[in-house]
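Below is one structure, written out as structure tokens, with a few remarks after it.
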Amino acid sequence: MITASAPAFRDALPNGGRLMGLDVGTKTIGVALCDAGWTIATPAELIHRAKFTVDLAKIRQLAEAQRAAGFVIGLPLNLDGSESPRTQSTRAFARNLEQIGLPILLWDERWSTQAVTRTLLDADASRARRAELVDKMAAAYILQGAIDALTMG
């Protein structure tokens, strides 16, 4: 099941469970995890993109090891809310990820990278350190936004 509706996603996970957030880029996939009670998202790791079958195997292995109940994938919309080729690519990624068998929530990620980059700049992180951290921190930012919405209603 793939949805952009937080209530529909929550209904697909009646017993909660740990969620995995994904910030899908062209070169990397930022991964974040939250606790089973959906209180806090934490950056987890960075997957360097390869062929989709390799990426899928890494995500499946991580999801199984962490006992993930579902995925939250950042959906890169244009600032006006319209879709771009990257949006379509992310939707295709989600459709391919569906074979793992876990519910997927597509979450608006329009401001995630900018917010995380600002935080890293404020912390005076070097360019190399920002490059290393931004994708998995963006995944945590996306996941935190989703779990906040999931627990509000």
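Its first residue numbered 103, the sequence shown is counted upward by one per residue in the working numbering. From the three backbone atoms N, C-alpha and C, an ideal C-beta is built for every residue, glycine too.
- Look at G203 here: in three-state DSSP terms it is coil, with no helix or strand label.
- Under DSSP, L177 forms a beta bridge with D210.
- Relative to the Cα of I244, the nearest Cα in the group T155, D125 and S184 belongs to D125.
- The segment 161 to 178 and the segment 129 to 139 touch, with three or more beta-carbon pairs separated by less than 8 Å.
- If you ignore the 5 residues before and after R120, its C-beta comes within less than 7 Å of the C-beta of L135, C136, D137, A138, Q168, R169, A170 and A171, all in its own chain and listed in chain order.
- Spanning the alpha carbons of S107 and E147 requires a straight line of approximately 26 Å.
- Non-local beta-carbon contacts of E185 in its own chain, meaning distances under 7 Å to residues more than five positions away in sequence, involve L179 in chain order.
- Distances from the CA of M239 to each of P145, N117 and L115 were compared; the closest alpha carbon is that of P145.
- Judged by their CB atoms, I104 and E211 are not nearer to each other than the 8 Å cut-off.
- Here R169 carries a coil assignment [DSSP, helix/strand/coil].
- Taking K129 as the centre and dropping the five residues before and after it, the same chain places the C-beta of R151 closer than 6 Å to its C-beta, in chain order.
- In the DSSP assignment, P109 falls within the unbroken alpha helix (DSSP H) covering A108 to A114.
- If you look at E147, you'll find it in the beta strand (DSSP E) that goes A143 to H150.
- Here R197 is exposed: its Cβ has fewer than 16 other Cβ atoms, across all protein chains shown, within 10 Å.
- Where M103 is concerned, there is no enclosing beta strand (DSSP E), because DSSP gives it neither an H nor an E.
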